[in-house]
Amino acid sequence: MTTGRAAARHQQRVDELCAGAIRALTGQANLHFRGRRLHRGHKALPLPAPHLHPSLEHDNFRSFRGAADAVALRLSKSDPALHRRLCPADPVERLLFELQEQFRVEALVPEDMKGMRRNLKHRFDQWSLEFLASGLLESARGMVLYALAQSVRSRLTGDRVLEATEDLIETTRGMLLRMIAIDLGGLRRNLADQAEFAPYALRIAHDVAALVATRDDERGKKGDDAEADDKDDDDRSGFTLLMDFDAEPEDGIALAGTGESRVLAETEGGYRVFTTAYDREVQAGDLVRRELLREYRERLDQRIAAQNVNRARLTRELTALLAQPAIQGWDSAQEEGRIDGARLAQLVSSPAETRLFKSERHEPRADCIVSILIDCSGSMRQTIESVAMLVDILIRALEQAGVTSELLGFTTGAWNGGRAARDWQRGGKPRHPGRLNEVCHMVFKDAETPWRRARPNIAALLKNDLFREGVDGEAVTWACNRMLARDEARRILIVISDGSPMDAATERVNDSFYLDNHLKDVVARFEQGTVHIVGLGVGLDLSPYYSQSLAVDMSKGLDNALFHEVVQLIGGRHRG
């Protein structure tokens, strides 16, 4: 047998043993490795942390067993739907959030499984030594990320940091521990509760990612040479290249995760709101300083000018779709039609005159309103500039087609429940209180304001700190009721989102699909009436919520083909 074939057989045997261990620990009989990828049936599963990827070239079987134990803990002690909804879009933040969730489950090893604990520690130490040998600790970014990984895992599991790198990272580690001490304590207190653990992990991920970005900026200002730049790029690659975050279907578009809410189904009266005392509706432009708003508008205009979009063609398509012929008066002095009484005197004075008739003048008229509702939850920050360009171009074309339009957004007034959650706690924490956050509905452009006057306010979409969590069902209700209060005969709502409804406080005290199921109920109710609702998924298939939906990838910019698809969606020719 050749060396290559022997290695392949050995790898296959190791995969079989690891898969058997994972099946035994999780009780999931349909798990197996194929092509070095763990599958559940025919679906490939992600291996979401870099130390879960040992190789025969560098690692022994104990490392493989440690990785298998870590994967089994992740499958059995972590809710993937909840994690996916909470996961931030920024790559560095996402990496750090993924690591913390993995360390959380590794800290939940049963006390009587000491062998598993040793396997996990061995695997993480081997990965740490590989990181040291790669030279990635020589860059500022690599040092911060590595020191955080060592510190968080040590605090959560009780294992000592790797002795070989302890002195190297001590200064950075001390600085990080001072910065995240409060949130790190929150992680330790909430190891057994993923929903409670997540807000602390998200804050740590956000703060450390900001620190990494600051250090990158400082390096750039010092004018470091290209070799240093390449080193930092390699550093990030060392953390991320082995991270298989998503394992999406072959078409690259994920399906929105959904399920059944027992709490919503069993609650008398259905969906509840604990308090509306802190809810607000605001003009988005008022949330941004005028000078900053002008900067955002200039940036947006520059980006739009660089897009290859034929707005005149888009206007024609929208006119053809949404406008109907309507009588807009009469054309006189015609040679046929109805006799024009005002011109009969000409028949006496000019018997040869034939232009004595009038005819109805028909022109396209759009008795229609299109409302665009944007999900302003945290994950949308990554793509909001492309979304802002899309809606700005679309609203301008709608106006030129004679169609009334609104641009709305929704978020929450706080993370993790805010004042509403504190009131609930002071009130004795009654069971299943319903929605438990402060909703914030934002008006970027109302129906009465023309595009030219609304231009600055539309640019408020670029202000990142507007983006928190999302209560989609109430936002859809709000947007639909605004349209129903108007006289237009045709009403169309376009919901732009990149995920399922998400409010951590509400999910924690009800269940994971409480907001999810409410959104389904709201959409179904309005679709039976006079509002046509469609979903535009940013990198996500929203068909579980909207019977008419389109998933798009806007990472490569905007073009005529994308807008043609959006027009088709508005016209009801796309189905999720």
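Anchor point for the sequence shown: position 157 equals 170 in the working numbering, and the numbering is continuous, going up by one each time.
In this text, a Cβ means the ideal position worked out from N, Cα and C, and glycines have one as well.
query	result
Nonlocal neighbours in the same chain, by C-beta distance under 6 Å from N203, ignoring five residues either side	E209 and F210
Backbone CA spacing between E279 and V383 [nearest angstrom]	36 Å
Whole-Å CB distance - F116 paired with L215, under 8 Å assumed	Their Cβ separation, rounded to whole angstroms, is 15 Å, which puts F116 and L215 out of contact at 8 Å.
Of the residues L158, L38, A80 and V579, the one placed nearest E330, counting alpha carbons only	V579
I471 beta carbon less than 8 Å from that of M402	no
L420 in three-state terms, based on DSSP	strand
Cβ-Cβ separation, W140 to H64 (assumed contact under 8 Å), whole Å	4 Å
Euclidean distance between Cα positions of A290 and R495	21 Å
K127 - DSSP class collapsed to helix/strand/coil	helix
Residue environment, M455, which counts as buried when at least 16 other CB atoms sit within 10 Å	buried
Bounding residues of the alpha helix (DSSP H) (the contiguous stretch that carries D196)	E176 to R202
Given R324 as reference, the closest of H577, E151 and R191 once Cα atoms are compared	H577
8 Å contact criterion, which A433 and E451 should meet: CB distance rounded	6 Å
Straight-line Cα distance separating L582 from L335	12 Å
Per-residue burial, E70 [other beta carbons within 10 Å of its own, 16 or more giving buried]	exposed
Neighbourhood of I385 by C-beta distance below 6 Å, restricted to the same chain and skipping five residues each side	V404, L420 and I507
Check whether W491 and F287 have beta carbons under 8 Å apart	no
Proximity below 8 Å, CB of C31 to CB of R78	yes
N73 versus A81 - alpha carbon distance	13 Å
Nearest residue (CA-CA) to Q296, options L327, R173 and A467	A467
Where the beta strand (DSSP E) containing A473 begins and where it ends	Neither: A473 is in no beta strand (DSSP E) and is coded neither H nor E.
Coarse secondary structure for C389, derived from DSSP in three states	coil
Straight-line gap, L306 to H96 (C-alpha atoms, nearest Å)	34 Å
Entirely enclosed beta strand (DSSP E) segments - the region 495 to 520, minimum 3 residues	503 to 510
Opposing strand residues paired with C453 [DSSP bridges]	R293 and T424
Same chain only: Cβ atoms within 8 Å of E520, ignoring 5 sequence neighbours per side	L95, A208, Y527 and L528
Inter-residue spacing [alpha-carbon to alpha-carbon] between N477 and G298	13 Å
Unbroken beta strand (DSSP E) run spanning L549, endpoints	V544 to V551
DSSP state of L121 mapped onto helix, strand, coil	coil
Residues bridged to I397 (per DSSP)	Looking at the DSSP assignment, I397 forms no beta bridge with any residue, so it has no partner.
Which of helix, strand or coil DSSP assigns to R351	strand
Straight-line gap, G282 to L99 (C-alpha atoms, nearest Å)	29 Å
Helix, strand or coil at K533 [DSSP, three-state]	helix
A333, DSSP secondary structure in three states	helix
From A226, A62, P67 and E143, residue whose alpha carbon lies closest to that of V118	A62
Beta bridge counterpart(s) of K458 as assigned by DSSP	L420
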